[in-house]
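*Asks:* One structure follows; several queries about it will come next.
Protein chains: 2
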Amino acid sequence: MRITALAGGVGGARFLRGLMAHLDVVAPQSELTVIANTGDDISLYGLRVCPDIDTLLYTLGGGINEEQGWGRADESTRVQGELAAYGAVPQWFTLGDLDLGTHIVRSQWLAQGQTATEVTARLASRWGLPDRGITLLPMTDTPVETHVVLDEGDEQRAVHFQEWWVRLRAEVPASRFVVAGLDRAAAAPGVLEALRSADVIVLPPSNPVVSIGIILGVPGVRDALRGSRAPVVGVSPLISGRPVRGHADACLSAIGVESSAAAVAGLYADFLDGWLVDPADADVRVRGVETSVHPEALLMTDVDAAARMAESLLALAERVRR
Amino acid sequence: MRITALAGGVGGARFLRGLMAHLDVVAPQSELTVIANTGDDISLYGLRVCPDIDTLLYTLGGGINEEQGWGRADESTRVQGELAAYGAVPQWFTLGDLDLGTHIVRSQWLAQGQTATEVTARLASRWGLPDRGITLLPMTDTPVETHVVLDEGDEQRAVHFQEWWVRLRAEVPASRFVVAGLDRAAAAPGVLEALRSADVIVLPPSNPVVSIGIILGVPGVRDALRGSRAPVVGVSPLISGRPVRGHADACLSAIGVESSAAAVAGLYADFLDGWLVDPADADVRVRGVETSVHPEALLMTDVDAAARMAESLLALAERVRR
Chain A
1 MRITALAGGV GGARFLRGLM AHLDVVAPQS ELTVIANTGD DISLYGLRVC
51 PDIDTLLYTL GGGINEEQGW GRADESTRVQ GELAAYGAVP QWFTLGDLDL
101 GTHIVRSQWL AQGQTATEVT ARLASRWGLP DRGITLLPMT DTPVETHVVL
151 DEGDEQRAVH FQEWWVRLRA EVPASRFVVA GLDRAAAAPG VLEALRSADV
201 IVLPPSNPVV SIGIILGVPG VRDALRGSRA PVVGVSPLIS GRPVRGHADA
251 CLSAIGVESS AAAVAGLYAD FLDGWLVDPA DADVRVRGVE TSVHPEALLM
301 TDVDAAARMA ESLLALAERV RR
Chain B
1 MRITALAGGV GGARFLRGLM AHLDVVAPQS ELTVIANTGD DISLYGLRVC
51 PDIDTLLYTL GGGINEEQGW GRADESTRVQ GELAAYGAVP QWFTLGDLDL
101 GTHIVRSQWL AQGQTATEVT ARLASRWGLP DRGITLLPMT DTPVETHVVL
151 DEGDEQRAVH FQEWWVRLRA EVPASRFVVA GLDRAAAAPG VLEALRSADV
201 IVLPPSNPVV SIGIILGVPG VRDALRGSRA PVVGVSPLIS GRPVRGHADA
251 CLSAIGVESS AAAVAGLYAD FLDGWLVDPA DADVRVRGVE TSVHPEALLM
301 TDVDAAARMA ESLLALAERV RR
């Protein structure tokens, strides 16, 4: 089975790890292509950081810090201590020592003229993803950056998405998101092909606005989803209107969409076939979308729980197969 | 007293630390300007590394690894372990985690358009050098790199100085040194002024070919030394023809100069006024240069030993003052 997924960071990575665990049991020859959001990418200290790709690499490759969901296990921050001692800014984004290794080689390879796709493939190779049938693709090779226009009364100010998300903890209301470079970005090699050739397309419970929503903005991606013959199924990132993790509610509010499982499915209504929701959202109905209630809470408390979610989602995909 | 020194890495840094310790006792208001060799500079993993400047920063700033003479005390190599895991090359140059902090901020600031002089001043500020009356200057703001043409029989091959020094341990004979960019380099701001306004100019026991020799190749530096009214005094880096540390003999051999305290003084004969030698070299005579024998071995076993060498050298400077 060929599965193609769109994914952001922590939620997407945890769900896909569960999906792989499930497939290892029921269909070990399956191939997974992950199309990762790169709108979160940021240059820090002159190094190119791709938070969503890194979280996917570390989670799928077995190097993630389980407690925080991002960054490396057994991490330290000796380098960043030095950067602080030199007065280098910003200090609100934590870069661990092991994590920095990734940013340094990525930056070096990019500076040598390799594309984001090529660099990501080299990084993924170290983490053993190809051996497990996983292809990790950045959504585009064009550098794009999500900026957040803050709603501060009369004044409007734009900050990098990471500054809003990490430093401001999404507490300052966003009035809109602007993705610099996205309109002129091309889908990375393999992205549209992976959507067209998939047997199933899955949307993990990633942020619908600043993760999935950004990938959908890459020219050609949404059209490929609309035209797909494969079922497109997704997992709600909200339970009873609240995000399981992160600040999806603040993001939805910025684009004028209600924080609910139904409203998020509505964002995907032009291509979505099936929608997996929490038992608390059993009454959700979305026109043209088959809703399915997961038998337990949509919480990825461990790999097994995520695997059971993936199992439910694939069962739904079979039911809605066109 | 205003003292200006030319310096390479370990030997220069240890001597100048001793000099400062001596001055703290006898002339605490003294000012020291250090003109550092930048021919050793190298880009590794896309980061700009300046080995001599870093050794000067860490030694004069109190952060040096005393045993090895370079790098940081209490160092670790977690980042480089990651770079190796990703297959990044080269691996023959050790970059510690704390040390990497320096390279990252330097690279970032250079990429922002700051000059090497400006960047070095910011780095030196963190290490408290200005507060102690020390100004650390790169010899030039122009990127220059010493390359070594290897003598491998019929074939000639050039490698970066660091590759010859660190990876090959200077065991493959060098046929010559080529300093890319040096002929078109300008002395950094303050370098020629520091030579012209000095009360004493000192040459620490740095490598006469690839450290002091490179600085002397910066347009204007040698002329400033020749024209100086201040005494120019130096410490022999050789004892009985053998380098105290490093591979000065292999470097001298490459330029066809004998490995001896006298021959090294001969390289400086057009501007050198005084030359401090080891008791083992008491019979050294150099035309036009006042030779002085240090009462003990020219070994910088600790700060006090280096301070006594500096005391001898400054006494010699007073004797030869023109």
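Order-wise, the sequence lines are chains A and B.
For the record, in the first sequence the residue sitting at position 300 is 300 according to full-length UniProt numbering, with numbers rising by one throughout.
For the record, in the second sequence the residue sitting at position 26 is 26 according to full-length UniProt numbering, with numbers rising by one throughout.
For each residue, glycine too, the CB sits at the ideal point set by N, CA and C.
Taking the straight line between their C-alpha atoms, what separation do you get for A5 (chain A) and S76 (chain A)?
*Replies:* Cα-Cα distance, rounded: 32 angstroms.
*Asks:* If you measure beta-carbon to beta-carbon, which residues of the segment 40-52 of chain A are closer than 8 angstroms to chain B?
*Replies:* Flagged, chain order: Y45, G46 and L47.
*Asks:* Between the segment 279-288 of chain B and the segment 260-271 of chain B, are three or more C-beta pairs nearer than 8 angstroms?
*Replies:* Result yes; three or more Cβ-Cβ pairs closer than 8 angstroms.
*Asks:* Is the separation between the beta-carbon of T135 (chain B) and that of E31 (chain B) shorter than 9 angstroms?
*Replies:* Their beta carbons are under 9 angstroms apart, which means T135 (chain B) touches E31 (chain B) by this criterion.
*Asks:* Does the distance from the C-beta atom of L16 (chain B) to that of A7 (chain B) stay below 9 angstroms?
*Replies:* Yes, the pair counts as a contact, with Cβ atoms nearer than the cut-off.
*Asks:* Please find out if some non-hydrogen atom of the ligand ATP comes closer than 8 angstroms to the beta-carbon of S175 (chain B).
*Replies:* No copy of the ligand ATP appears in this structure; indeed no ligand is present at all.
*Asks:* Going by DSSP in three states, A7 (chain A) sits in which element: helix, strand or coil?
*Replies:* If DSSP states are grouped into helix, strand and coil, A7 (chain A) belongs with the strands.
*Asks:* Please state whether DSSP places F271 (chain B) in a helix, a strand or coil.
*Replies:* The answer is coil: DSSP assigns F271 (chain B) none of H, G, I, E or B.
*Asks:* Check whether the Cβ of R132 (chain B) lies closer than 9 angstroms to any Cβ atom in chain A.
*Replies:* Not an interface residue.
*Asks:* Could you tell me which chain A residues have their CB closer than 8 angstroms to the CB of Y86 (chain B), listed as they occur along the chain?
*Replies:* Residues of chain A passing the Cβ test: G101, T102, V105, R122, L123 and R126.
*Asks:* Would you report the Cα separation of V293 (chain A) and P143 (chain A), rounded to the nearest angstrom?
*Replies:* Approximately 38 angstroms between the Cα atoms of the pair.
*Asks:* First and last residue of the alpha helix (DSSP H) that includes L203 (chain B)?
*Replies:* Looking at the DSSP string, L203 (chain B) is not in any alpha helix (DSSP H); the run it does join, the beta strand (DSSP E), is V200 to L203.
*Asks:* When the cut-off is 9 angstroms and only beta carbons count, does E290 (chain A) lie next to chain B?
*Replies:* Not one chain B Cβ lies under 9 angstroms of E290 (chain A).
*Asks:* Whole angstroms are fine: how far does the CA of G63 (chain B) sit from the CA of E311 (chain B)?
*Replies:* Whole-angstrom Cα-Cα distance: 24 angstroms.
*Asks:* Helix, strand or coil: which one does DSSP assign to R169 (chain A)?
*Replies:* R169 (chain A) falls in the coil class under three-state DSSP.
*Asks:* At 3 residues or longer, what runs of the beta strand (DSSP E) sit wholly inside the segment 284-310 of chain B?
*Replies:* Counting only runs of 3 or more, we get 290-293.
*Asks:* Establish whether the CB of Q108 (chain B) and some CB of chain A are separated by less than 9 angstroms.
*Replies:* Closer than 9 angstroms: yes.
*Asks:* Would you say L83 (chain A) reaches chain B, if we count a Cβ-Cβ gap shorter than 9 angstroms as a contact?
*Replies:* Interface residue, yes.
*Asks:* What's the C-alpha gap between G71 (chain B) and Y58 (chain B)?
*Replies:* Straight-line Cα distance between these residues: approximately 7 angstroms.
*Asks:* For A111 (chain A), go through chain B and note every residue whose CB falls closer than 7 angstroms to its CB, in chain order.
*Replies:* The contacting residues are G46.
*Asks:* Where R226 (chain A) and G11 (chain A) are concerned, what is the direct C-alpha to C-alpha distance, given to the nearest angstrom?
*Replies:* Those two C-alpha atoms are separated by around 24 angstroms.
*Asks:* Would you list, in chain order, the members of the segment 133-150 of chain A that have their beta-carbon closer than 9 angstroms to a beta-carbon of chain B?
*Replies:* Of all residues in the segment 133-150 of chain A, none has a Cβ within less than 9 angstroms of some Cβ in chain B.
*Asks:* With a Cβ-Cβ cutoff of 9 angstroms, do Y86 (chain A) and G101 (chain B) count as a contact?
*Replies:* Yes, they are a contact pair.
*Asks:* Would the beta-carbon of M1 (chain A) fall within 9 angstroms of that of D131 (chain A)?
*Replies:* Contact flag unset, no.
*Asks:* Between B:W127, B:C251 and B:Q114, which has its C-alpha nearest E171 (chain B)'s C-alpha?
*Replies:* Comparing Cα positions, the closest option is B:C251.
*Asks:* If you reduce the DSSP assignment to three classes, tell me which class A185 (chain A) lands in.
*Replies:* It is coil, neither helix nor strand.
*Asks:* Using a Cβ-Cβ distance cut-off of 9 angstroms, determine whether Q91 (chain B) contacts chain A.
*Replies:* Not one chain A Cβ lies under 9 angstroms of Q91 (chain B).
*Asks:* In angstroms with no decimal places, state the Cα-to-Cα distance between R245 (chain B) and V320 (chain B).
*Replies:* Taking the straight line from one Cα to the other gives about 28 angstroms.
*Asks:* Would you report the Cα separation of A124 (chain B) and P173 (chain B), rounded to the nearest angstrom?
*Replies:* Rounded to the nearest angstrom, the two C-alpha atoms are 36 angstroms apart.
*Asks:* Using a Cβ distance threshold of 8 angstroms, determine whether the segment 32-48 of chain A contacts the segment 267-285 of chain A, with at least three qualifying pairs required.
*Replies:* Because the criterion of three Cβ pairs below 8 angstroms is not met, the segment 32-48 of chain A and the segment 267-285 of chain A do not touch.
*Asks:* Is T120 (chain A) helix, strand or coil when you go by DSSP?
*Replies:* T120 (chain A): helix per DSSP, three-state reduction.
*Asks:* Given that a residue counts as buried once 16 or more other Cβ atoms are within 10 Å of its Cβ, and exposed if not, what is G181 (chain B)?
*Replies:* So G181 (chain B) counts as exposed.
*Asks:* Terminal residues of the continuous beta strand (DSSP E) containing L147 (chain B)?
*Replies:* Looking at the sequence shown, residue 147 (chain B) is not Leu but His. Segment E145 to E152, the beta strand (DSSP E) holding H147 (chain B).
*Asks:* On a Cα-Cα basis, can you pick out the residue from B:H103, B:I201 and B:Q156 that is closest to D273 (chain B)?
*Replies:* Out of B:H103, B:I201 and B:Q156, B:I201 has the C-alpha closest to the C-alpha of D273 (chain B).
*Asks:* With distances taken between CB atoms, is the gap from R48 (chain A) to S107 (chain A) smaller than 9 angstroms?
*Replies:* Yes, the pair counts as a contact, with Cβ atoms nearer than the cut-off.
*Asks:* So what does DSSP say about H160 (chain B), is it helix, strand or coil?
*Replies:* Correct three-state label for H160 (chain B): strand.
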